[in-house]
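What follows is a single structure, written as structure tokens, with notes after it.
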Amino acid sequence: MNVLLVGSGGREHALAWKIARSPSLKRLVAAPGNPGIAELCEVRAIKADDVPGLVALAREIAADLVVVGPEVALEAGLADRLAEAGIACFGASAAAARLETSKAFTKDFCARHGLPTAAYGVFETAEGAGAFLDTLSAPYVIKADGLAAGKGVVIAGTRAEADAAVLEMLGGRFGTAGARVVIEEFMDGEEASLFALCDGKTAVLFGQAQDHKRAYDGDLGPNTGGMGTYSPAPVLTDALLQQAFDELIAPTIAGMAAEGHPYVGVLYAGLMLTAEGPKLVEYNARFGDPECQVLMLRLADDILPWLQAAATGGLSRLSGPSWREEAAVCVVMAADGYPDSPVTGAVIRGAGVDFGGEAVVFHAGTRRDEDGTLRSAGGRVLNVCALGATLHEARDLAYAAVGGIDFPGGFYRSDIGWRAL
Ligand code: AMP
Ligand code: GLY
Numbered sequence: 261m262n263v264l265l266v267g268s269g270g271r272e273h274a275l276a277w278k279i280a281r282s283p284s285l286k287r288l289v290a291a292p293g294n295p296g297i298a299e300l301c302e303v304r305a306i307k308a309d310d311v312p313g314l315v316a317l318a319r320e321i322a323a324d325l326v327v328v329g330p331e332v333a334l335e336a337g338l339a340d341r342l343a344e345a346g347i348a349c350f351g352a353s354a355a356a357a358r359l360e361t362s363k364a365f366t367k368d369f370c371a372r373h374g375l376p377t378a379a380y381g382v383f384e385t386a387e388g389a390g391a392f393l394d395t396l397s398a399p400y401v402i403k404a405d406g407l408a409a410g411k412g413v414v415i416a417g418t419r420a421e422a423d424a425a426v427l428e429m430l431g432g433r434f435g436t437a438g439a440r441v442v443i444e445e446f447m448d449g450e451e452a453s454l455f456a457l458c459d460g461k462t463a464v465l466f467g468q469a470q471d472h473k474r475a476y477d478g479d480l481g482p483n484t485g486g487m488g489t490y491s492p493a494p495v496l497t498d499a500l501l502q503q504a505f506d507e508l509i510a511p512t513i514a515g516m517a518a519e520g521h522p523y524v525g526v527l528y529a530g531l532m533l534t535a536e537g538p539k540l541v542e543y544n545a546r547f548g549d550p551e552c553q554v555l556m557l558r559l560a561d562d563i564l565p566w567l568q569a570a571a572t573g574g575l576s577r578l579s580g581p582s583w584r585e586e587a588a589v590c591v592v593m594a595a596d597g598y599p600d601s602p603v604t605g606a607v608i609r610g611a612g613v614d615f616g617g618e619a620v621v622f623h624a625g626t627r628r629d630e631d632g633t634l635r636s637a638g639g640r641v642l643n644v645c646a647l648g649a650t651l652h653e654a655r656d657l658a659y660a661a662v663g664g665i666d667f668p669g670g671f672y673r674s675d676i677g678w679r680a681l
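Its first residue numbered 261, the sequence shown is counted upward by one per residue in my numbering.
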């Protein structure tokens, strides 16, 4: 199979690493890729939201399958344009990707289909928002409707903070993404990430993990895109997985199809495990980052048949997936100043892609100078991952590999997996 992989982060490096091992692979090209991905396959400097450029590249390499990593490409309509070109795409249409790109769409969808999630209201004025806030008590949850690079959610401890967040969002802090605000009831519980592959009609559970969203040890500091993951997450028991599948994933796939927007690709459910059962925090139309990294380490199957089946309506013909018994851990090494203002350009040494054994380093935000020097080039820079017989062992292996990397000014959390350990 000829495959075009779209994206440039640690998630895409992990996908490239797994796809590169597939017996069904003939040629893999990534766009735009990163220095880690470039050690595995050819990369082309076409951005993830350059839809015409990506469609032309898919044609040029006679792609049998395009695998889309980031949501920006979906929102820009890449899957729609590929469908018109007759090229199979693992990724949702722009209309189906609204499950991620519009929080208001998703909350209204949940209401139409009776899916378990927090009570909510959608507002375009501070007066409307204020009247709804009057009916709630602290903490208050305020969200910008559209994509806001993971920064569009405020959990306000006081009413004054809540009002300020509403004014800031409606005032244009996130541009049009904040033209509407979603206000939600606060849900109490532990969070977990659940993944399902979908082909428009059929959904198949495809792994689970737990992330660490706060920047510093002990779940302190600002929210980030994710500082580390582990899989499996023991808190997501088989019974809870099945309940989340039956009450959320299956009706979502059926509902999207019934509304004329069949969902294709991976559906990532951010769950809150409340006393009343799993409830939806948010959907994403992509793999989690860095959840994908631990899933790729643990997936025992060849990944390409799965991605192709999802893209072409064939999931009901596959059985599985099968996972390795081992646990996987991913530790994110981030740049000083992340998430607000990461310092870039630091020289990194010792980050060879494969450490041998069971540890592997995925690149998330790096660049390479012409002389081969590797430098930091983003907020989250490296994803140091390991498999171990137990979560303990995986964690020890991952941190041992972290210890072998010289990244001046980098920082990482030293407590990845603490909830399960
Ligand atoms: P989101 O971008 O919607 O996933 O929200 C970011 C984070 O805010 C989530 O990972 C949760 O930790 C928290 N959060 C969002 N919505 C709620 C809610 N209704 N109740 C409690 N916490 C929430
Ligand atoms: N790790 C959380 C996310 O990908 O949104």
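By construction, the Cβ of each residue, glycine as well, lies at the ideal position given by its N, Cα and C atoms.
Residue i, enclosing beta strand (DSSP E) - first and last residue
i	result
Tyr400	400-404
Arg627	626-628
Cys301	Premise fails: Cys301 is in no beta strand (DSSP E) and is neither H nor E.
Gly481	480-483
Arg589	Residue identity check: residue 589 is Val in the sequence provided, not Arg. Its beta strand (DSSP E) spans residues 587-595.
His206	In the structure as shown, the chain begins at 261 and stops at 681. Residue 206 is therefore absent and cannot be evaluated.
DSSP beta-bridge partners of residue i
i	result
Gly610	Beta-bridge pairing links Gly610 to no other residue.
Lys539	Met532
Cys458	Ala463, Gly525
Val263	Leu288, Leu325
Val441	Phe383, Ala404
Ser491	Ala588
Closest Cα partner of residue i within the set the options
i	options	result
Trp566	Leu557, Gly580, Asn262	Gly580
Asp562	Ser284, Cys458, Asp310	Ser284
Gly669	Ser601, Tyr659, Cys590	Ser601
Asp549	Val263, Met261, Arg271, Val266	Arg271
Arg474	Gly467, His623, Thr484, Trp277	Thr484
Ser636	Gly663, Leu647, His652, Val603	Val603
Thr497	Ala517, Ala452, Ala456	Ala452
Gly632	Pro295, Gly664, Phe365	Pro295
Asn643	Glu320, Glu542, Asp471	Asp471
Phe446	Leu454, Ala424, Thr418, Ala456	Thr418
Gly648	Gly438, Ala274, Ala404, Glu585	Glu585
Asp423	Ile402, Gly406, Pro482	Ile402
Thr477	Arg281, Asp324, Tyr672	One detail in the question is off: residue 477 reads as Asp in this sequence, not Thr. Of the listed residues, the one whose Cα sits closest to Asp477 is Tyr672.
Arg558	Ala425, Gly438, Ile347, Ala654	Ala654
Residue i CB to nearest heavy atom of ligand 4 below 7 Å
i	result
Gly293	Absent from the structure shown: ligand 4. Ligands present: ligand 1 and ligand 2.
Limits of the alpha helix (DSSP H) - the one that residue i falls within
i	result
Ala661	651-663
His273	270-280
Cys552	551-558
Pro511	510-518
* To do: For the stretch 504-514 and the stretch 571-578, state whether three or more C-beta atom pairs, one from each stretch, are separated by less than 8 Å.
  => no
* To do: Determine contact between the stretch 530-542 and the stretch 304-317, defined as no fewer than three beta-carbon pairs at a distance below 8 Å.
  => no
* For ligand 2, enumerate in chain order all residues having a CB closer than 5 Å to any of its heavy atoms. => Asp471, Gly486, Gly548, Asp549
* Asked: Quick check: the stretch 457-473 against the stretch 426-443, are there 3 or more CB pairs under 8 Å?
  -> no
* Counting Cβ pairs, one atom from each stretch, are 3 or more of them under 8 Å apart for the stretch 367-374 and the stretch 388-398? -> no
* Check whether the stretch 414-423 touches the stretch 323-337, taking contact to mean three or more Cβ pairs, one atom from each stretch, closer than 8 Å. => no
* Asked: Would you say the stretch 585-597 touches the stretch 487-504, given that touching needs at least three Cβ pairs under 8 Å?
  -> yes
* Contact the stretch 653-668 vs the stretch 617-630: 3+ CB pairs below 8 Å -> yes
* To do: Examine the Cβ distances between the stretch 442-449 and the stretch 375-386 and report whether three or more of them are shorter than 8 Å.
  => yes
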